[in-house]
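Number of protein chains: 2
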Amino acid sequence: MTKRLTIALDAMGGDDAPDVVVKGANMARNRYPDVAFRFYGDEARIAPLLGRFAKLSAVSRIHHTSVTISGGDKPSQALRSGRESSMGLAISAVKDGSAEGVVSAGNTGALMAMAKLLLRTLPGIARPAIATVLPTVKSECVMLDLGANIQCDARNLVEFAIMGEVFARTVLGLPKPTIGLLNVGEEDMKGHEIIREAATTLRRLSLPIEFRGFVEGDAVWAGAVDVVVADGFTGNVALKTAEGIARMYTTFLRSAFQSSIVARIGYLLARRAIGKVRARVDPRRYNGAMLLGLNGIVIKSHGGTDVFGFANAIGVAVDMARGGFNDRITEEFERTGTIAAPVQQKAAVS
Amino acid sequence: MTKRLTIALDAMGGDDAPDVVVKGANMARNRYPDVAFRFYGDEARIAPLLGRFAKLSAVSRIHHTSVTISGGDKPSQALRSGRESSMGLAISAVKDGSAEGVVSAGNTGALMAMAKLLLRTLPGIARPAIATVLPTVKSECVMLDLGANIQCDARNLVEFAIMGEVFARTVLGLPKPTIGLLNVGEEDMKGHEIIREAATTLRRLSLPIEFRGFVEGDAVWAGAVDVVVADGFTGNVALKTAEGIARMYTTFLRSAFQSSIVARIGYLLARRAIGKVRARVDPRRYNGAMLLGLNGIVIKSHGGTDVFGFANAIGVAVDMARGGFNDRITEEFERTGTIAAPVQQKAAVS
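In the order they appear, the protein sequences are chains A and B.
Quick note, the first sequence lines up with residues 51 to 400 if you use this note's numbering.
Quick note, the second sequence lines up with residues 51 to 400 if you use this note's numbering.
If you want it as structure tokens, here you go:
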């Protein structure tokens, strides 16, 4: 029997809030009938939407607040005035134990800043990271950090590796996930000092992890490893480059299929097969970036996603809560409590 | 009347050398009938290949050497023993003025190290960069650095921006190329200090360049700017990510088109249109990375390219020589001789 979970939702975050949030929750409720929801935001706008879904209403509560954090707010502004906002209250629900996870499609910087302030990081973790699951030729991988930490030291990268590994094990269900550091070449001497130091530490630590060394930008998508670790600057550029190239291909193919009558007929015949490819790489399917390393489950949905995408982000929160992700992380860091020490020394680089 | 150009070729560099080099030169000769070639390498292997192409033979000379630099050689090894190698001699031909440019499909690190040693950088340029032309939804862009400089300061980034701008103007023929710094967001406060300092300098300099600030990884492929500037680590990851995603899409589409008889027929009908997309993003078409900032034209061909790809790399060398790229660069740096000074100070970052 699975425990009844409660997910807190920032009902006012995202381009089409609260509409997408409520409808996304309804879709998620159909998938996870034993999950309850708490909506934080403008009751006058949420209640009528919720009223349309009887089964969802039965497992939901609305917590009114008229304060919202806008997409343009800086993290510092959010910290000053955000505690009573829909985002702040939803995070607080995780802190006080009334919810097992929070999902917001609001401002990423504000969400990270407020979640760090309210929830704090897990013991042993210096900095949380943003992670997401991405498609590869083989299956999927988890990549982190995607932008929370623009500059990282070796210790941060080592911690990201361990968090990514636990995520792949507990949420993706991989028995022995492989890990790689994103670099400009595979050889030991490639890259800058920080990444080489992180590699040295990951090799030295007697962790039960499958560290495969460095992985290049192209090998990631061939499925070279299950966990791809990068500093937030590099990870963000890699993720957005991937999105940009995918969009470029889609644009080129669309115009190619419309370029002649014969090509159009070809498209109609191949449409079902092309639809499967589209589904496989659908960004909505991979919606729901995880803020890992916090003392609570926090999921960031893309601000412009639709109902299907928002439901998937809720699904990530549910999977993490059920997989006991944060307990596993804490165990891992307790077991390998010595990680920080050797990393802080300069590791010898050949 | 165009001046008769001579291109020096490292006949032994690349996976299928000297075969691809000689055949690639033959294809290039058909495109550029007034270009002459010098082949550096094992005469016993080059001569029989060259003998098959009468017109190419008429404009070619072979310079024998039995020394070659292998793909696994470190730059330091290449510097110690490489001067008499096919790569070293081909670069020297540019130095002593017997060729206007050199093309090699050999080891990138060795090529950069030896080219720096033999040719030196252009006046005012601290570090050369690797650049390439890439397809975008709108047309094309030039991206640099792609891996020559793993860590860069603001001055390096500013110099890359100016070199990229001159390349876009003289070789791509764009009258007023736009420039962007690859970053994790568009806002001024995004990214790390080095990139913000570079942006501040580029805004302050009274250069006649169209600096557009920061550009994100996805916007690059939408054609946001004509010149994309990054440190070598970030640029390399972005380029390889783009290659990897392109390959993943191709794999997915291929298997989709083979997934049913109807899809196969659809593919056959749409094949011509899909072929146009493939041609538009064909990596061979964009083969030929430029080592910019050196006192001579040096082009790196992909080691695994074919005859068509190698011919295109020669084409890049020809275009750069004809466009007077290095003279324009030198003029630009003389005109704006004050670049280095303000950049070396810490710029105020808001």
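Note that CB positions come from ideal geometry on N, CA and C, so glycine has one too.
Residue-chain proximity (residue i, chain A), Cβ-Cβ < 8 Å
i	result
M298/B	yes
D268/B	yes
S148/B	no
N286/B	yes
T186/B	yes
E293/B	yes
T301/B	yes
A323/B	yes
L319/B	yes
Q127/B	no
V275/B	no
I200/B	yes
F383/B	no
As assigned by DSSP and simplified to three states, the class of residue i
i	result
E215/B	helix
A398/A	Any reading at A398/A must be qualified, since the residue scores a pLDDT of 36, below 50, and its modelled position is unreliable; no value is offered.
E190/B	strand
K240/B	coil
R170/B	coil
K145/A	helix
V277/B	strand
I229/B	strand
A179/B	strand
I364/A	helix
L224/B	coil
K290/A	helix
G122/B	coil
G197/A	coil
G359/B	helix
G282/A	helix
S135/B	strand
L129/A	helix
G159/B	helix
I259/A	coil
V270/A	coil
Chain B within 8 Å of residue i, Cβ atoms only
i	result
E209/A	no
I315/A	yes
A411/A	Because chain A here runs from 51 to 400, residue 411/A falls outside it and cannot be looked at.
L232/A	yes
V327/A	yes
F264/A	no
G197/A	yes
A367/A	no
K350/A	no
Per-residue burial, residue i [other beta carbons within 10 Å of its own, 16 or more giving buried]
i	result
A296/A	buried
P173/B	exposed
Q395/A	Interpretation of Q395/A is limited by its pLDDT of 38, a score under 50 that renders its predicted location unreliable; no figure is taken from the coordinates.
R88/B	buried
E134/A	exposed
M239/B	exposed
I212/B	buried
P68/B	buried
A306/A	buried
A176/B	exposed
E381/B	exposed
A104/A	exposed
R219/B	buried
P185/A	buried
P227/B	buried
G359/A	buried
S256/A	exposed
K73/A	buried
**Message:** Pairs of beta-carbons, one from the stretch 76 to 84 of chain A and one from the stretch 116 to 129 of chain A, closer than 8 Å: are there three or more?
**Reply:** no
**Item:** 4-residue-minimum alpha helix (DSSP H) runs that sit fully inside the stretch 89 to 120 of chain A, ordered along the chain
**Value:** 93 to 101 and 104 to 108
**Asked** For the stretch 92 to 99 of chain A against the stretch 108 to 119 of chain A, are there 3 or more C-beta pairs whose distance is under 8 Å?
**Response** yes
**Message:** What ranges does the beta strand (DSSP E) occupy inside the stretch 55 to 90 of chain B, keeping only unbroken runs of at least 3 residues that lie completely in it?
**Reply:** 55 to 60
**Request:** Specify whether the stretch 283 to 290 of chain A and the stretch 251 to 262 of chain B touch according to this definition: at least 3 beta carbon pairs, one from each stretch, less than 8 Å apart.
**Result:** no
**Message:** Check whether the stretch 338 to 351 of chain A and the stretch 324 to 337 of chain B touch, using three or more Cβ-Cβ pairs below 8 Å as the test.
**Reply:** no
**Asked** Can you list, in chain order, the stretches of the beta strand (DSSP E) that have 3 or more residues and sit fully within the stretch 299 to 341 of chain B?
**Response** none
**Request:** Tell me, please, whether the stretch 365 to 385 of chain B touches the stretch 228 to 239 of chain B by the rule of three or more beta-carbon pairs shorter than 8 Å.
**Result:** no
**Request:** Spell out a yes or no on whether the stretch 137 to 151 of chain B and the stretch 302 to 320 of chain B are touching, meaning 3 or more CB-CB pairs, one atom from each, closer than 8 Å.
**Result:** no
**Asked** Looking at C-beta atoms only, is the number of pairs between the stretch 98 to 105 of chain A and the stretch 173 to 186 of chain A that lie closer than 8 Å three or more?
**Response** no
**Asked** Are there three or more Cβ pairs, one per stretch, closer than 8 Å when the stretch 243 to 257 of chain A is compared with the stretch 199 to 214 of chain A?
**Response** yes
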